[in-house]
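Quick notes on the structure that follows.
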Amino acid sequence: MEGTRSADGFDDSLPDADLVEAGAWVPGPYGQGDERGSFREVTPVKTARALAILDASRSVYTYDLSEQLFEDFPAWGGRTFQQRLHCFGYPPPSDFEGTSTSVQPVGKNRLSVNEERVELTYNMGTKINGLAHCGVGTMYYNGYRADDIAGPRGLRHLGNHLAGPIVTRGVLLDVIGMKFATGDTDDYFVVNGTKPVLRSNYRITIEDLQAAEEFAQLSSPIEAGDVILIRTGWRELIHTQPRRYIEDLPPGPYLREARYLAKLRPALIGIDVWVFGVIDPEIERGAHAACHQELFMRHGIRIGEAIRSDPLAADGVYEFVFCAYPTNVVGAVAGNSPPFALGQPKARRL
Numbered sequence: 611m612e613g614t615r616s617a618d619g620f621d622d623s624l625p626d627a628d629l630v631e632a633g634a635w636v637p638g639p640y641g642q643g644d645e646r647g648s649f650r651e652v653t654p655v656k657t658a659r660a661l662a663i664l665d666a667s668r669s670v671y672t673y674d675l676s677e678q679l680f681e682d683f684p685a686w687g688g689r690t691f692q693q694r695l696h697c698f699g700y701p702p703p704s705d706f707e708g709t710s711t712s713v714q715p716v717g718k719n720r721l722s723v724n725e726e727r728v729e730l731t732y733n734m735g736t737k738i739n740g741l742a743h744c745g746v747g748t749m750y751y752n753g754y755r756a757d758d759i760a761g762p763r764g765l766r767h768l769g770n771h772l773a774g775p776i777v778t779r780g781v782l783l784d785v786i787g788m789k790f791a792t793g794d795t796d797d798y799f800v801v802n803g804t805k806p807v808l809r810s811n812y813r814i815t816i817e818d819l820q821a822a823e824e825f826a827q828l829s830s831p832i833e834a835g836d837v838i839l840i841r842t843g844w845r846e847l848i849h850t851q852p853r854r855y856i857e858d859l860p861p862g863p864y865l866r867e868a869r870y871l872a873k874l875r876p877a878l879i880g881i882d883v884w885v886f887g888v889i890d891p892e893i894e895r896g897a898h899a900a901c902h903q904e905l906f907m908r909h910g911i912r913i914g915e916a917i918r919s920d921p922l923a924a925d926g927v928y929e930f931v932f933c934a935y936p937t938n939v940v941g942a943v944a945g946n947s948p949p950f951a952l953g954q955p956k957a958r959r960l
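Just so we're aligned, residue 611 is where the sequence shown starts under the working numbering, counting upward by one.
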């Protein structure tokens, strides 16, 4: 092990990869054969308690938590989104780049049709990464080996289609909102004169997360089965500085913080950045995506990335009903189905 253990028991030590690949984290926390991980924390009772957050005598607003995809959306590693229109029954315009099978409508009712042809890497934009996204060598969550899960067209085990929908309590840890409110100006910069963004490579600490939880004034502490969303403001760069959004070192937590959050047994941990976990070489010390391994493999916790929480923060909604159904595709590793939240606005805060 590397790293020094802190007084609270959480640290940045890197696990022994040989031991993990040999099965040190098997079985997982939800028992042999499990393929859903901490989504199991979202029971019917948990969902009922989440819905009770809403006051039926007040208006309930629906919040879109997804980034709108478009061609050239900034994405890492050659991930792409391409959409082309397919039309039938009318002459397409001069700037048309899609496909047309006929310019004549059909039938007495002169039917014309529009469809689309899409090429999409599920792991881009707003997504929920499945438990098979990252492993240690040939070992993946709950003892499934690479040979067990890698099928000819997709995953044989741990596929996203096994996740199922969840409706549970969500909590927003608005780190950038808390920093702005408390005047920690060294920790952020401002976009377009008004939008604070955590500075490049800023490490979100346990202390930051605890301060953000206090800032949120939740009705009760974070508990098992909750969805935890972390707001950094980094998404402000998608349209204003797209190259910086994907090429600069984004803010985020690391192993100490991932372990702190994992102990709370959330159903999902999400962030408004394209990657969960700082990627500073001085912090990682030769490791890559160690937070992913820790959460997926050791704790069975999925990671949401590019989860847009600004609308919640703008309305002071730090506790809400979180709803998601990861893309229902057999053998998929990740999913782009947009999550959403049900909440009731309070006094507006940034």
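Glycine included, every Cβ here is placed at the ideal spot set by N, Cα and C.
Since the model is a prediction, treat every value here as computed from it, not as a measurement.
| Check | Outcome |
| --- | --- |
| Residue 731: which of 948, 943, 956, 954 sits nearest, CA to CA? | 943 |
| Tell me the DSSP bridge mates of residue 749? | 746, 755 |
| Taking the alpha-carbon positions, what's the residue 837 to residue 817 distance? | 19 Å |
| DSSP three-state label for residue 723, please. | strand |
| Taking 8 Å as the threshold (C-beta atoms), are residue 886 and residue 910 in contact? | no |
| From this set, 799, 734, 714, which residue's C-alpha is nearest residue 676's C-alpha? | 734 |
| Whole angstroms are fine: how far does the CA of residue 626 sit from the CA of residue 848? | 37 Å |
| Using a threshold of 8 Å, state whether the C-beta atoms of residue 768 and residue 776 are closer than that. | no |
| Under a three-way DSSP split, which group does residue 706 fall into? | coil |
| Which one of 860, 833, 912 has the shortest CA to CA distance from residue 844? | 860 |
| Would a C-beta distance cut-off of 8 Å place residue 622 and residue 865 closer than the cut-off? | yes |
| Mapping DSSP to helix, strand and coil, what is residue 760? | strand |
| Starting from the Cα of residue 938, find the closest Cα among 738, 652, 954 and give me that residue. | 738 |
| What ranges does the alpha helix (DSSP H) occupy inside the region 633-661, keeping only unbroken runs of at least 4 residues that lie completely in it? | 654-661 |
| Within its chain, find whatever has a CB closer than 8 Å to the CB of residue 929; leave out the 5 residues flanking it on each side and keep chain order. | 663, 779, 780, 781, 782, 826, 828, 829, 953 |
| If you follow the beta strand (DSSP E) that residue 806 is in, where does it begin and where does it stop? | 805-808 |
| Mapping DSSP to helix, strand and coil, what is residue 612? | Confidence at residue 612 is low in this model, with a pLDDT of 45, below 50, so its placement is unreliable and no value can be given for it. |
| Let me know the secondary structure DSSP gives residue 680 once reduced to three states. | coil |
| With distance defined between alpha-carbon atoms, name the residue in 941, 934, 638, 925 nearest to residue 761. | 941 |
| Return the chain-ordered ranges of every alpha helix (DSSP H) run that is complete within the region 772-856 and spans a minimum of 4 residues. | 785-792, 816-826, 847-850 |
| Taking the alpha-carbon positions, what's the residue 785 to residue 800 distance? | 15 Å |
| Between the C-alpha atoms of residue 757 and residue 748, what's the straight-line distance to the nearest angstrom? | 8 Å |
| Below 8 Å on the Cβ atoms is my contact criterion, and I expect residue 742 with residue 765 to pass it. Report the Cβ-Cβ distance as a whole number of Å. | 5 Å |
| Report all residues from its chain with a CB closer than 6 Å to the CB of residue 702; omit the five preceding and five following residues, and keep chain order. | 710 |
| Among 871, 714, 689, 649, which has the Cα closest to the Cα of residue 901? | 871 |
| Using the C-alpha atoms, what's the distance from residue 875 back to residue 641? | 15 Å |
| When we look at the beta-carbon of residue 660 and count the other beta-carbons within 10 Å, is it buried (16 or more) or exposed? | buried |
| Hey, could you find the ends of the alpha helix (DSSP H) residue 892 is sitting in? | 891-894 |
| Should residue 692 and residue 729 be called a contact, given that it needs their Cβ atoms to be closer than 8 Å? | yes |
| Looking at residue 569: is its Cβ nearer than 8 Å to the Cβ of residue 647? | For the chain, the structure presents residues 611 to 960; residue 569 sits outside this window and is missing. |
| How big is the Cα-Cα spacing for residue 686 and residue 856? | 7 Å |
| Could you have a look at residue 674 and say whether DSSP puts it in helix, strand or coil? | strand |
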